[in-house]
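K.L.:
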Amino acid sequence: SWSDPLLHVMMANLDLAATQRGDLAALPRAVDHYRSADRLAASGTRNLDRKAYARARLGLAWCEMIRQQRQNRVDSVQLIQMFEGALELSDQEASAWVGFGVANALAGRPEAAEKALRKALALDARCTEAWFNLGYLQAEQGRPRDARVSLRQALRCQPDLLPAKQLLERLQ
Numbered sequence: 018s019w020s021d022p023l024l025h026v027m028m029a030n031l032d033l034a035a036t037q038r039g040d041l042a043a044l045p046r047a048v049d050h051y052r053s054a055d056r057l058a059a060s061g062t063r064n065l066d067r068k069a070y071a072r073a074r075l076g077l078a079w080c081e082m083i084r085q086q087r088q089n090r091v092d093s094v095q096l097i098q099m100f101e102g103a104l105e106l107s108d109q110e111a112s113a114w115v116g117f118g119v120a121n122a123l124a125g126r127p128e129a130a131e132k133a134l135r136k137a138l139a140l141d142a143r144c145t146e147a148w149f150n151l152g153y154l155q156a157e158q159g160r161p162r163d164a165r166v167s168l169r170q171a172l173r174c175q176p177d178l179l180p181a182k183q184l185l186e187r188l189q
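The opening position of the sequence shown corresponds to residue 18 in the working numbering, with each subsequent residue numbered one higher.
Structure below.
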C-alpha cells in the first residue's frame, strides 16, 4: 500500500536510476517518493521503518547532488551534511560512502574523499561507482598509475562503463 515507506523508497530508487540514465523528468518524482518515505518512516518503530528512513535520507542526498550538479551550483557543505546524516542512520551502505566521498571531493577535500570511497569498497568490493570515483580522484591528484588500477577495477565490475573507458584511454 502507499502507506508503506519501503514501497516509496523502491519507486524512488527506480526514478533515481532513470534520472542517472538521463531522464530529467524522473528526478522530481524520485524526490517526492523519497520525501513520502521519509515522512512515513520517521515516526515508525519497526526495523523496516528505520531502514526505509535511512534509505530515504540517502536517496534525498543523491537527488540533491544530481540537482546541484545539473544547475552547476554545488553546495558541497550541504551535500556533505546530507550524506553525513544518511551515514548516521546507516553506515553499512556503500552508496552512502560513495556520495560522502564525492561530496568531499567537490569540497576540495581529497583525503576525506579517498577515505570514504575506500570505506565503500570495504563494504562492497564490486561497487562500480566507488572504483570509478576513486580512479577519477586519483587522476585529478596526478596519480595516473593508481587511477588506472581503480578504473580497471570499475571496468571489471561494469565492462560497458564509458566514462571509465574514456578516462583510462586518456591516462594511457
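Ideal Cβ positions, reconstructed from N, Cα and C, are used throughout, including at glycine.
Nothing here was measured: the structure is a model prediction, and the numbers come from that model.
Between which two residues does the alpha helix (DSSP H) harbouring residue 167 extend?
P.N.:
Taking the sequence shown and counting its residues from 1, one reaches residue 167 at position 150. 161-174 is the span of the alpha helix (DSSP H), which, as asked, contains residue 167.
K.L.:
With H, G and I counted as helix, E and B as strand and the rest as coil, what does DSSP make of residue 40?
P.N.:
Mapped onto the sequence shown, residue 40 falls at position 23. DSSP places residue 40 in coil when its eight states are reduced to three.
K.L.:
With DSSP collapsed to three states, give me the class of residue 148.
P.N.:
Taking the sequence shown and counting its residues from 1, the one referred to as residue 148 is at position 131. Three-state DSSP puts residue 148 in a helix.
K.L.:
If contact is defined by three or more beta carbon pairs under 8 Å, each pair taking one atom from either stretch, is the region 38-54 in contact with the region 91-102?
P.N.:
Cβ pair count under 8 Å is below three, so no.
K.L.:
Using the Cβ count rule (16 or more neighbours within 10 Å means buried), how would you classify residue 32?
P.N.:
Within the sequence shown, the letter at position 15 stands for residue 32. Residue 32 comes out buried.
K.L.:
From the DSSP output, in three-state form, read off residue 79 for me.
P.N.:
Against the sequence shown, residue 79 aligns to sequence position 62. In the structure shown, residue 79 sits in a helix (DSSP, three-state: H, G or I).
K.L.:
Out of 184, 144 and 173, which has the shortest C-alpha to C-alpha gap to residue 154?
P.N.:
Taking the first residue of the sequence shown as position 1, residue 154 is located at position 137. Nearest option by C-alpha distance: 184.
K.L.:
Can you grab the Cα-Cα spacing for the pair residue 40 / residue 177, in whole Å?
P.N.:
By one-based count along the sequence shown, residue 40 stands at place 23. By one-based count along the sequence shown, residue 177 stands at place 160. Going from the Cα of residue 40 to the Cα of residue 177 covers about 19 Å.
K.L.:
When you compare the CB positions of residue 71 and residue 110, do they come within less than 9 Å of one another, or not?
P.N.:
For this step, residue 71 is matched to residue 54 along the sequence shown. For this step, residue 110 is matched to residue 93 along the sequence shown. The answer is yes: Cβ separation under 9 Å.
K.L.:
Sorted by chain position, which residues of the same chain lie with C-beta nearer than 7 Å to residue 102's C-beta, five sequence neighbours on each side aside?
P.N.:
Within the sequence shown, the letter at position 85 stands for residue 102. Closer than 7 Å at the Cβ level, and outside the excluded window around residue 102, lie 74.
K.L.:
Using C-beta distances below 6 Å, list every residue in its chain close to residue 77, excluding the 5 sequence neighbours before and after it, in chain order.
P.N.:
Within the sequence shown, the letter at position 60 stands for residue 77. Closer than 6 Å at Cβ, skipping near neighbours: 51.
K.L.:
Rounding to the nearest angstrom, what Cα-Cα distance links residue 90 and residue 81 in this structure?
P.N.:
For the purposes of this step, residue 90 is taken as residue 73 along the sequence shown, with counting starting at 1. For the purposes of this step, residue 81 is taken as residue 64 along the sequence shown, with counting starting at 1. Distance between the alpha carbons of residue 90 and residue 81: 11 Å.
K.L.:
Using CA coordinates, which residue listed in 161, 66, 139 and 169 is at the minimum distance from residue 23?
P.N.:
The sequence position of residue 23 within the sequence shown is 6, counting from 1. Considering only alpha carbons, the answer is 66.
K.L.:
Whose C-alpha, out of 105, 88, 55 and 115, is nearest the C-alpha of residue 25?
P.N.:
On the sequence shown, residue 25 is found 8 positions in, with the first residue counted as 1. Answer by Cα proximity: 55.
K.L.:
Does the beta-carbon of residue 90, which I'm using as the reference point, lie nearer than 8 Å to any heavy atom of the ligand NAD?
P.N.:
As presented, the structure is devoid of all ligands, the ligand NAD included, so that no description of it is given.
K.L.:
Would you mind sorting residue 118 into buried or exposed? The rule is 16 or more other CB atoms within 10 Å of its CB.
P.N.:
On the sequence shown, residue 118 is found 101 positions in, with the first residue counted as 1. Per the 10 Å Cβ criterion, buried.
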